[in-house]
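Participant:
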Amino acid sequence: MNAVLKAVNLVKIYQDGAVPVPAVRGVDLQVEPGEFVAIMGPSGSGKSTLVHMLGGLDTRTSGEIWLDGKRADTLSESAWALLRRKKIGFVFQFFNLVTNMTVGDNVELPALLAGASPKVARERRESLLAALNLTDRADAAPAQLSGGEQQRVALARALANQPSLLLADEPTGNLDSRNTRDVLRLLSEVHKEGQTIIMVTHDARVASLADRLVSLFDGEIVDDGRIARRRTGTAGEVIDLR
Amino acid sequence: MSTALAGSRWIKADLRARKGQAALTVLAVAGIVAALITAATLLEDGTNPWRSLFAQTDGAHVWLYTKNSPRVALNGIDGVTRTAGPYRSAPVTVAQGGKKEPAALRAMPATPPTVAHPVVAEGKWLDVAQPDGVVVERTFATALRLRVGASFTVIALSGERHTLYVRGIADSAEQGFYPQWTPGLAYVLPAMLDRVEPMLGRSEWVTGLRLADPDATQVVSQRVVVMLEDELQRVYTWREVRAAMELDNRLLGTLLALFGVVGLVAAALALANAAGGRVLGQLRDLATLKSMGFTKGQIALLLLVEHGALGLLGVALGAVAGWGVMALVLGATSVAPIPVLAIIGGTALVVLAAVGLPAWRGGRTPPIPDVPSAPPRGHLSRLARLALLVRLPPALVLGTRDAFTRRVPAFLTAFGLAVPMMMTTIGLGVWATLDDFADHPEQVGQHASLYVRPGKLLEAADAKRIAEQDRDVAAVYPGTDVNALAPGEARSVRVRAIGSSTAPYPFSVVEGRMYGRQGEAVAGQGLLDLLGVKIGDRVRLTVGGTPLIVRIVGRTVEPDQDGVVLSVGLDSLAAKDAVPPEFYALALKPGADQAEVRGRLMAESAESLDVQAAVNPADRLSIIRVVIVALIAVLTLIGLANLLTASALGLRDHAFDLAVLKAMGLTPRQVMATLVMGTGLLVVLGVGVGAAVGMSVVTGLIDLQGHTSGVGAGIGRAPSALTLAIAVVTAVGTALAVALIPARRAARAQVPVTSR
Numbered sequence: 001m002n003a004v005l006k007a008v009n010l011v012k013i014y015q016d017g018a019v020p021v022p023a024v025r026g027v028d029l030q031v032e033p034g035e036f037v038a039i040m041g042p043s044g045s046g047k048s049t050l051v052h053m054l055g056g057l058d059t060r061t062s063g064e065i066w067l068d069g070k071r072a073d074t075l076s077e078s079a080w081a082l083l084r085r086k087k088i089g090f091v092f093q094f095f096n097l098v099t100n101m102t103v104g105d106n107v108e109l110p111a112l113l114a115g116a117s118p119k120v121a122r123e124r125r126e127s128l129l130a131a132l133n134l135t136d137r138a139d140a141a142p143a144q145l146s147g148g149e150q151q152r153v154a155l156a157r158a159l160a161n162q163p164s165l166l167l168a169d170e171p172t173g174n175l176d177s178r179n180t181r182d183v184l185r186l187l188s189e190v191h192k193e194g195q196t197i198i199m200v201t202h203d204a205r206v207a208s209l210a211d212r213l214v215s216l217f218d219g220e221i222v223d224d225g226r227i228a229r230r231r232t233g234t235a236g237e238v239i240d241l242r
Numbered sequence: 001m002s003t004a005l006a007g008s009r010w011i012k013a014d015l016r017a018r019k020g021q022a023a024l025t026v027l028a029v030a031g032i033v034a035a036l037i038t039a040a041t042l043l044e045d046g047t048n049p050w051r052s053l054f055a056q057t058d059g060a061h062v063w064l065y066t067k068n069s070p071r072v073a074l075n076g077i078d079g080v081t082r083t084a085g086p087y088r089s090a091p092v093t094v095a096q097g098g099k100k101e102p103a104a105l106r107a108m109p110a111t112p113p114t115v116a117h118p119v120v121a122e123g124k125w126l127d128v129a130q131p132d133g134v135v136v137e138r139t140f141a142t143a144l145r146l147r148v149g150a151s152f153t154v155i156a157l158s159g160e161r162h163t164l165y166v167r168g169i170a171d172s173a174e175q176g177f178y179p180q181w182t183p184g185l186a187y188v189l190p191a192m193l194d195r196v197e198p199m200l201g202r203s204e205w206v207t208g209l210r211l212a213d214p215d216a217t218q219v220v221s222q223r224v225v226v227m228l229e230d231e232l233q234r235v236y237t238w239r240e241v242r243a244a245m246e247l248d249n250r251l252l253g254t255l256l257a258l259f260g261v262v263g264l265v266a267a268a269l270a271l272a273n274a275a276g277g278r279v280l281g282q283l284r285d286l287a288t289l290k291s292m293g294f295t296k297g298q299i300a301l302l303l304l305v306e307h308g309a310l311g312l313l314g315v316a317l318g319a320v321a322g323w324g325v326m327a328l329v330l331g332a333t334s335v336a337p338i339p340v341l342a343i344i345g346g347t348a349l350v351v352l353a354a355v356g357l358p359a360w361r362g363g364r365t366p367p368i369p370d371v372p373s374a375p376p377r378g379h380l381s382r383l384a385r386l387a388l389l390v391r392l393p394p395a396l397v398l399g400t401r402d403a404f405t406r407r408v409p410a411f412l413t414a415f416g417l418a419v420p421m422m423m424t425t426i427g428l429g430v431w432a433t434l435d436d437f438a439d440h441p442e443q444v445g446q447h448a449s450l451y452v453r454p455g456k457l458l459e460a461a462d463a464k465r466i467a468e469q470d471r472d473v474a475a476v477y478p479g480t481d482v483n484a485l486a487p488g489e490a491r492s493v494r495v496r497a498i499g500s501s502t503a504p505y506p507f508s509v510v511e512g513r514m515y516g517r518q519g520e521a522v523a524g525q526g527l528l529d530l531l532g533v534k535i536g537d538r539v540r541l542t543v544g545g546t547p548l549i550v551r552i553v554g555r556t557v558e559p560d561q562d563g564v565v566l567s568v569g570l571d572s573l574a575a576k577d578a579v580p581p582e583f584y585a586l587a588l589k590p591g592a593d594q595a596e597v598r599g600r601l602m603a604e605s606a607e608s609l610d611v612q613a614a615v616n617p618a619d620r621l622s623i624i625r626v627v628i629v630a631l632i633a634v635l636t637l638i639g640l641a642n643l644l645t646a647s648a649l650g651l652r653d654h655a656f657d658l659a660v661l662k663a664m665g666l667t668p669r670q671v672m673a674t675l676v677m678g679t680g681l682l683v684v685l686g687v688g689v690g691a692a693v694g695m696s697v698v699t700g701l702i703d704l705q706g707h708t709s710g711v712g713a714g715i716g717r718a719p720s721a722l723t724l725a726i727a728v729v730t731a732v733g734t735a736l737a738v739a740l741i742p743a744r745r746a747a748r749a750q751v752p753v754t755s756r
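If you read the protein sequences in the order shown, they are chains A and B. Counted from 1, the first sequence has number 233 at position 233 by full-length UniProt numbering; the numbering is strictly sequential. Counted from 1, the second sequence has number 66 at position 66 by full-length UniProt numbering; the numbering is strictly sequential.
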C-alpha cells in the first residue's frame, strides 16, 4: 500500500536574523492511509513548522515531501495551493474562519474552490453541518459562535473536499474541556471512517486518541511508536478526558 | 471558474461587511469623475455655441461698422469670398415691461442673404406682407421675455415711439449673447427702419465679410482699416464673438478641472489607503483563504477585483452623472465623446493602479494564518517623547505614540485629509472673492452703481442736475464710451472716458498709479495683453478718425469686455467725442439702495431719464457657488473615506492592546481617548497642513485666473480668518466624532485577549 505522506530528511532553517535558527532538522516520516498520527513536543520543538511544511504553507529548506506518491516539495507556492484544494484539509488552533462569511459559506467555500457546482457544494455543506449538529447556525457569523462551535465549523470546512490528509495544528489548544471532548470525538469519528489525520498537540491526553505518537524535540524525532489500544473501545476513553 | 465562484462569494461577503465604506468610495470617485467630465465639456470648444451658430448661419468672419455705406469694393480684398450687407443699423431703446434696453435695429431684406443669415428658431422671418414685423435675436428676446406675436416698442433717438410685433426669434453668430454683449439685436425690413429712423446721420452701416481662411482675419481687417480710414467706426472678428460666448464656461471649467484633478489624486490616495487598510485588517482571512487553496495570484486578483470594482462603479456612475448634467444643461450633443472616454479610461487606470499595490501586497500574505501580523513596534515618536516630557495625560501620550507606528498609512491619512482641506480652503477663497465682488464693487472697478443717460427730452446738464440733487448720490461722473481702433489689431477696443483727469473716477488701480493729467490712461490686463504693452508705454489709438495718444500709467481691475478696456479722463478725448457726455455714472452713499435711488431718479425726471444699474460680476458668477458647495461635498466624502480607514486600522492594531491597557488600569474613557487621539493627531496634522497650504496658494491661483481672463491680478481674496477657523474646527470636529464611534464601542466592549 502506498503511503499517503512521506517526508525524507526534512529540514527547516529560519534565516530571519543574522543567526540561522534551525526549526526542523532532518525529519523522516511516513504516514499510511487511515493512520491517525499525533505529533507531540514542547514549545519550540518545531511541530507546527513541520505540519505547515507538510501542507505547503511553509517552504522547506531541504528534504523531500511526497503526497500520494507524488513529490510535492518542489512545487511552487501556487501549485501547492492547487494541491491543497483537493488533498489537504487544515484545522488551526484559532479556528480561522473567514470572519465576513457566514458559517454556511465558510463550509461551502472549499467545495466551490475544488470545482463543485453551487448545488453540490450546498448539499455537501448541509450534510456536514448536520453531522456536526450545526444546521441551525448555518446563517450565523463566526463571531456569534462559541469556540467549540467555531472549531467544529473549521473541521467541517477542512473535510468538505474529503481530503486525503487532514492536518490539525493544536485543534483543541484554545478550547475548554467540554469543547475539546466534542472536537476529539469528531476527529475520532472521521478517523474511523478512514480519514488520515496528522495532529499536533502538546496535550498527552489529546494525543492518546491517536494510533501512533511521534515525539519531537528540538526539531528531531526522538520517539515514534504505536499506542497500545485498550480493548474497552475508544468512545469511553474520550469521555474519560473529563 | 471554480475560483471565480468561490472568490465572488468572498467579495460579496466582504462588501456586505463594509457597506458604508464601499458606498463612500463609490460616491467619492463618482463625484470626481463627474466634475472632470463637466470640466472637460465646459473647456472643450464644442460646448461653445459659437461654432454651431457660425456654421448654421454661414457666418461672416469680420464685421465692420461704418458711418456711411462703404463705397469701396470690400469683396475685392484678397481672401474675402462673400460679403453680407451693408445693412443699415440704427440705435434705439426698447421699452419692455417697464425696462428700457439699448438695441440696434438692423435693416434686412425679406429674403435672407446667403452669408450671415440669422436662423429662425421660433416664428418666421421678415415678410413684406407684415411691415411692422420684427425678428429678435434669441438671447435678447429671452432677456426681454419676448414671445412670437408680442408687441415690441422701440423709441428712436428722436423720442418717437413705434410699436412693432415680434414675428420671429432667431439665432445669430454675429455678436455675443445679451446682456454680456450690448446693444441687443433686432431685424426689421429696410422700409420700417426708414420710418423709425429717417435721419441717415443717426445710423451706421454694418458689413460682414466671409473669408476663405478664418486665420486670415488679422490681415483682412487691417486691409479694411487702411481702405476705409475715417469711414470706419469699429471692427470685430469671429474671435471676439467666440470669446464672448465662452467666457463663463471657461472660468467654471477651469475651476472644475482644478478641483477634479487634485480631487482625483486625493481619491486615488483614499482608495489606496482604504484598500491597503482593508488588506491589513484581513491578513488572517487572506492567509486562511490561501491555506484552503487560493494561490497568490488569485488572492491579488480577488482584491483587485473587489476594490477596483468599487472604483470602477464610481467611474461609471460619475460618467453617467456628468454626462447627464451636461446633456441636460447644454444639450445632448454638447458632450464630446473623445475627452469623456479619455477621462473614463484615465480614471479607471488610476483606480486600478491605486488598488493594485495593496492587492499585490495582499497576495503576498504568508499562508500561515496563526502568525500574528503585529504592527511595527516602533520606539516612541519624537512627538510622543515631547508629550511625555510635558507630562500630558497617559491617554494622550499613548495616542500620540500610536499615531505614527505605521508610517505609510499615517502619512496617507494625514495627506489624504490635507488635500481635501486644501481644496476646501481654495473653494472658500473663491467664495470670499465673489463676496468681495458683491460687497465692494468699487474694488473691481464698479465704483458707480447706477448709470444715467439723458433721454430725448432732457439736456445732459439737466440729467446731471437731477442726479446731483438726489440725497443718496455721493458723486456724479460724466462719461462716454467710444470704440477705438488699435494699430495692427484686427479689432476695436473700448475706450471708457469717465470723470476728468483732475477729478478722476476712482478706478481700482492695482499696479502703477491713477492717471493724473490729460494724455494719461489706465488699462485692464486684457488690453495690455492684446496690445503687448506694459505700464509706462505710450499707445496710439484712433477714435472715429481722431488719433488718441495716451501713456498707460496704471493697471485697473477690469471686469468688463475681458479686460480689453482703456480708461481715460473725459478731457483726454477730443471734444467732438466728449461733449456732451453720453452718460453719468453715479456713486451712491454707503447704505443707499440702488433700486430706490433708481426709482426716485425716474420719478424726478418724469420717466425721461434712462437709469441702468451696474451688473456685478458676482451675480453672473453665482453658479460658481453651487459648484463650490458640490465640490466641497465630494471632498468631504474623500476625507471621510480616509478617516474610516484610519480609525479601522487603528482599532485593528490596538484590539490586542486594549485588554492590556485596561489591565494596566486605564478607564474605558481613557482607552477611548487613546484610540481617538491616535487618529485625531493625524487629523489635526492633515487639516492644519491642508488649510495652511490652501491659504498660501489661494490668492495666487485666483489672481492667475484673473490674469488669464483679462480681469487682471489683484482680485484674489483668501477666506477670512473666521471662515477658515470654522472650516478647520468643523473638519476636525467631524473627524473626531467619526473616530469616536468605533473607539467608544471598542472601549466599552469586554475585550478578551484575542489572537490575531
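Ideal placement from N, C-alpha and C gives every residue a C-beta, glycine not left out. As the structure is a computational prediction, the values presented were derived from the model and not from experiment.
(1) Report all residues from its chain with a CB closer than 7 Å to the CB of W360 (chain B); omit the five preceding and five following residues, and keep chain order.
(2) For S127 (chain A), is the classification buried or exposed, using 16 other Cβ atoms within 10 angstroms of its Cβ as the cut-off for buried?
(3) Just to confirm the assignment: which complete alpha helix (DSSP H) runs, minimum length 4, are found wholly within the region 449 to 481 of chain B?
(4) Please classify I88 (chain A): is it buried, with 16 or more other beta-carbons within 10 angstroms of its beta-carbon, or exposed?
(5) With a cut-off of 7 Å, does the C-beta of R9 (chain B) fall near any C-beta of chain A?
(6) Is DSSP giving S373 (chain B) helix, strand or coil here?
(7) A150 (chain B) and V166 (chain B) - do their beta-carbons sit closer together than 7 Å?
(8) Cα separation between G104 (chain A) and N2 (chain A)?
(9) Alpha carbon to alpha carbon, how far is E160 (chain B) from L64 (chain B)?
(10) Count the CB pairs spanning the region 43 to 60 of chain A and the region 210 to 219 of chain A that are closer than 8 Å, and state whether there are at least three.
(11) Can the beta-carbon of Y178 (chain B) be found less than 7 Å from the beta-carbon of A143 (chain B)?
(12) Go ahead and pull the three-state DSSP assignment for E220 (chain A).
(13) Would you kindly work out how many angstroms separate the C-alpha atoms of V4 (chain A) and I65 (chain A), rounded to a whole number?
(14) Using the beta-carbon of each residue, which ones in chain A are nearer than 8 Å to M292 (chain B)?
(15) Any beta carbon of chain A sitting closer than 7 Å to that of S373 (chain B)?
(16) Interface residues of chain B around A81 (chain A) at Cβ under 7 Å?
(17) Report the partner residues of Y584 (chain B) according to the DSSP bridge assignment.
(18) For A39 (chain B) and G263 (chain B), what's the separation of their Cα atoms in angstroms?
(19) Taking the alpha-carbon of R538 (chain B) as reference, which of B:G276, B:L528, B:G545 has the nearest alpha-carbon?
(20) Cβ of G450 (chain B) within 7 Å of Cβ of V611 (chain B)?
(21) Could you tell me which whole alpha helix (DSSP H) segments of length 4 or greater appear in the region 11 to 58 of chain A?
(22) Give the single residue among B:G168, B:R407, B:T730 whose Cα lies nearest to the Cα of A110 (chain B).
(23) Just by C-beta distance, which residues in the region 699 to 711 of chain B are closer than 8 Å to chain A?
(24) For the structure I just gave you, are there three or more beta carbon pairs, one from the region 81 to 98 of chain A and one from the region 117 to 127 of chain A, closer than 8 Å?
(25) Any residues in the region 185 to 198 of chain A with a beta carbon nearer than 9 Å to a beta carbon of chain D? Which ones, in chain order?
(26) At 4 residues or longer, and completely inside the region 11 to 48 of chain B: list those alpha helix (DSSP H) runs for me, N to C.
(27) How many Å lie between S373 (chain B) and L289 (chain B) at the Cα?
(28) Considering just the uninterrupted stretch of the beta strand (DSSP E) at A497 (chain B), what are its terminal residues?
(29) Are the C-beta atoms of I37 (chain B) and some chain A residue less than 7 Å apart?
(30) Name the residue from B:D213, B:A4, B:V476 whose alpha carbon lies nearest to the alpha carbon of G79 (chain B).
(31) Between A116 (chain B) and T182 (chain B), what straight-line distance do the alpha-carbon atoms span, to the nearest angstrom?
(32) Drop a sphere of 10 angstroms on the beta-carbon of I726 (chain B), count the other beta-carbons inside from all chains shown, and report buried for 16 or more, exposed for fewer.
(33) Buried or exposed: L341 (chain B), going by 16 or more other Cβ atoms within 10 Å of its Cβ?
(34) Would you say L5 (chain B) faces chain A, with C-beta separation under 7 Å as the test?
(35) Could you check whether the region 61 to 76 of chain B touches the region 221 to 233 of chain B, counting it as contact only if at least three pairs of C-beta atoms, one from each stretch, sit closer than 8 Å?
Facilitator: In short, the structure shows the following:
(1) Numbered from its first residue, the second sequence carries residue 360 (chain B) at position 360. Result list for W360 (chain B): A300, in chain order.
(2) Here residue 127 (chain A) refers to the residue found at position 127 of the first sequence. S127 (chain A) is exposed by the Cβ-count criterion.
(3) 460 to 469
(4) Within the first sequence, residue 88 (chain A) is the residue found at index 88, counting from 1. The residue in question, I88 (chain A), is buried, as its Cβ has 16 or more Cβ neighbours within 10 Å.
(5) As a working note, residue 9 (chain B) is residue 9 in the second sequence. Interface residue, yes.
(6) Your numbering for residue 373 (chain B) matches position 373 in the second sequence. Here the model assigns S373 (chain B) a pLDDT of 48, short of 50, so the residue's position is not dependable, and the following value carries that caveat. In the structure shown, S373 (chain B) sits in coil (DSSP, three-state: anything other than H, G, I, E or B).
(7) In the second sequence, residue 166 (chain B) corresponds to position 166, counting from 1. In the second sequence, residue 150 (chain B) corresponds to position 150, counting from 1. Yes.
(8) Here residue 104 (chain A) refers to the residue found at position 104 when the first sequence is read from its first residue. Here residue 2 (chain A) refers to the residue found at position 2 when the first sequence is read from its first residue. Their backbone Cα atoms lie some 35 Å apart in a straight line.
(9) As a first step, residue 160 (chain B) must be located in the second sequence, where it is residue number 160. As a first step, residue 64 (chain B) must be located in the second sequence, where it is residue number 64. For E160 (chain B) and L64 (chain B), the distance between alpha carbons rounds to 28 Å.
(10) yes
(11) For this step, residue 178 (chain B) is matched to residue 178 along the second sequence. For this step, residue 143 (chain B) is matched to residue 143 along the second sequence. Result yes, Cβ atoms of Y178 (chain B) and A143 (chain B) sit closer than 7 Å.
(12) Looking up residue 220 (chain A) in the first sequence gives position 220. Residue state, collapsed to three classes: strand.
(13) Start at 1 with the first residue of the first sequence, and residue 4 (chain A) comes out as number 4. Start at 1 with the first residue of the first sequence, and residue 65 (chain A) comes out as number 65. Straight across, the Cα-Cα distance linking V4 (chain A) with I65 (chain A) is about 11 Å.
(14) Locating residue 292 (chain B) in the second sequence gives position 292, where the first residue counts as 1. Against chain A, the beta carbon of M292 (chain B) has neighbours under 8 Å at R84, R85, F90, L109, P110, L113, R157, listed in chain order.
(15) The residue you call residue 373 (chain B) lines up with position 373 of the second sequence. Its pLDDT being 48, under 50, S373 (chain B) is placed unreliably in this model, and the coordinates cannot settle the point.
(16) Here residue 81 (chain A) corresponds to residue number 81 of the first sequence, with the count starting at 1. Those are K290, G293, F294, T295, listed as they occur along chain B.
(17) To locate residue 584 (chain B), count along the second sequence from 1; it is residue 584. In the DSSP output, where bridge partners are listed per residue, Y584 (chain B) has B:V452, B:P478.
(18) Your numbering for residue 39 (chain B) matches position 39 in the second sequence. Your numbering for residue 263 (chain B) matches position 263 in the second sequence. About 13 Å.
(19) Locating residue 538 (chain B) in the second sequence gives position 538, where the first residue counts as 1. Checked all of B:G276, B:L528, B:G545; the closest Cα to R538 (chain B) is B:L528.
(20) For the purposes of this step, residue 450 (chain B) is taken as the residue at position 450 of the second sequence. For the purposes of this step, residue 611 (chain B) is taken as the residue at position 611 of the second sequence. One point to set straight first is that residue 450 (chain B) is Leu, not Gly, in the sequence displayed. For L450 (chain B) and V611 (chain B), yes; Cβs fall inside 7 Å.
(21) Unbroken alpha helix (DSSP H) runs of no fewer than 4 residues, entirely contained in the region 11 to 58 of chain A, are found at 47 to 54, following chain order.
(22) Walking along the second sequence from the start, residue 110 (chain B) turns up at place 110. Comparing Cα positions, the closest option is B:G168.
(23) none
(24) no
(25) Absent here is chain D; the protein component of the structure consists of chains A and B.
(26) Residue ranges of uninterrupted alpha helix (DSSP H) with 4 or more members, entirely inside the region 11 to 48 of chain B and ordered along the chain, are 19 to 43.
(27) Sequence index remark: in the second sequence, residue 373 (chain B) carries index 373 (1-based). Sequence index remark: in the second sequence, residue 289 (chain B) carries index 289 (1-based). Confidence at S373 (chain B) is low in this model, with a pLDDT of 48, below 50, so the placement of that residue is unreliable and no value is reported for it.
(28) Counting from one through the second sequence, the residue named residue 497 (chain B) turns up at place 497. If you look at A497 (chain B), you'll find it in the beta strand (DSSP E) that goes 492 to 498.
(29) Counting from one through the second sequence, the residue named residue 37 (chain B) turns up at place 37. For I37 (chain B), the nearest beta carbon of chain A is not closer than 7 Å to its own beta carbon.
(30) On the second sequence, position 79 is the one that residue 79 (chain B) refers to. Looking at the Cα atoms, B:D213 is the closest of the given residues.
(31) Counting from one through the second sequence, the residue named residue 116 (chain B) turns up at place 116. Counting from one through the second sequence, the residue named residue 182 (chain B) turns up at place 182. The C-alpha of A116 (chain B) lies about 19 Å from the C-alpha of T182 (chain B).
(32) The residue given as residue 726 (chain B) occupies position 726 in the second sequence. Looking at its Cβ environment, which holds fewer than 16 other Cβ atoms inside 10 Å, I726 (chain B) is exposed.
(33) For the purposes of this step, residue 341 (chain B) is taken as residue 341 along the second sequence, with counting starting at 1. By the 10 Å Cβ count, L341 (chain B) comes out exposed.
(34) Against the second sequence, residue 5 (chain B) aligns to sequence position 5. Closer than 7 Å to some Cβ of chain A, the Cβ of L5 (chain B) qualifies, so yes.
(35) Using a C-beta cut-off of 8 Å, the region 61 to 76 of chain B makes contact with the region 221 to 233 of chain B, since at least three inter-stretch Cβ pairs fall below that distance.
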